[in-house]
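One structure is given below, encoded as structure tokens.
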Amino acid sequence: GTKLKTKPGPDGPTTMDNHTSMYSNHDGKSVAMKILNPVGFKLMPTGPLQRCHVARKGEPLPPNAPMQLQHVWWVVHPNSRAVIAAHQDPRTGQLRELPLPRCIEIWGWDPLQEGMLEDG
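Sequential numbering from 1369 applies to the sequence shown in my numbering.
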């Protein structure tokens, strides 16, 4: 079950679960912030990724270098025709799907430059 805890607030005690936090903004008003658990994100296994068609080959990633756009391989799944961003693992030489932190390293938090998200 979810554990509930009580925090003192300006209008009396407030009951919260483990994923809610109370903060006071610059106006002195209390606000609740809900922390969402991330949905599981499964990367494509290495084996099936090797069978994808290479649409654009990326450059090898030098040791200790940050991931950049020129290191991205674009591959197409033969059945679903899904386009997958991958990189070549410098240890094994095999392709691996780009995990979310690597995508952010390359494209940032606002890849479409719509101004809805801020980098950093």
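We put the beta carbon where it would ideally sit given N, CA and C, even for glycine.
Residue environment, residue i, which counts as buried when at least 16 other CB atoms sit within 10 Å
| i | result |
| --- | --- |
| L1466 | buried |
| G1461 | exposed |
| L1463 | buried |
| R1470 | buried |
| S1389 | Its pLDDT being 47, under 50, S1389 is placed unreliably in this model, and the value from its coordinates should be taken loosely. It is exposed - the Cβ of S1389 has fewer than 16 other Cβ atoms within 10 Å. |
Endpoints, the alpha helix (DSSP H) within which residue i is located
| i | result |
| --- | --- |
| W1477 | From DSSP, W1477 is part of no alpha helix (DSSP H); its letter is neither H nor E. |
Residue i versus residue j - alpha carbon distance
| i | j | result |
| --- | --- | --- |
| H1421 | P1431 | 26 Å |
| R1419 | K1425 | 14 Å |
| E1427 | H1439 | 5 Å |
| W1442 | A1454 | 6 Å |
| L1417 | A1423 | 13 Å |
Where the beta strand (DSSP E) through residue i begins and ends
| i | result |
| --- | --- |
| Q1438 | Q1438 -> no beta strand (DSSP E), and no H or E assigned at all. |
| L1466 | L1466 -> no beta strand (DSSP E), and no H or E assigned at all. |
| A1433 | Looking at the DSSP string, A1433 is not in any beta strand (DSSP E), and its letter there is neither H nor E. |
Residue from the options whose Cα sits closest to the Cα of residue i
| i | options | result |
| --- | --- | --- |
| G1476 | P1458, V1451, P1434 | P1434 |
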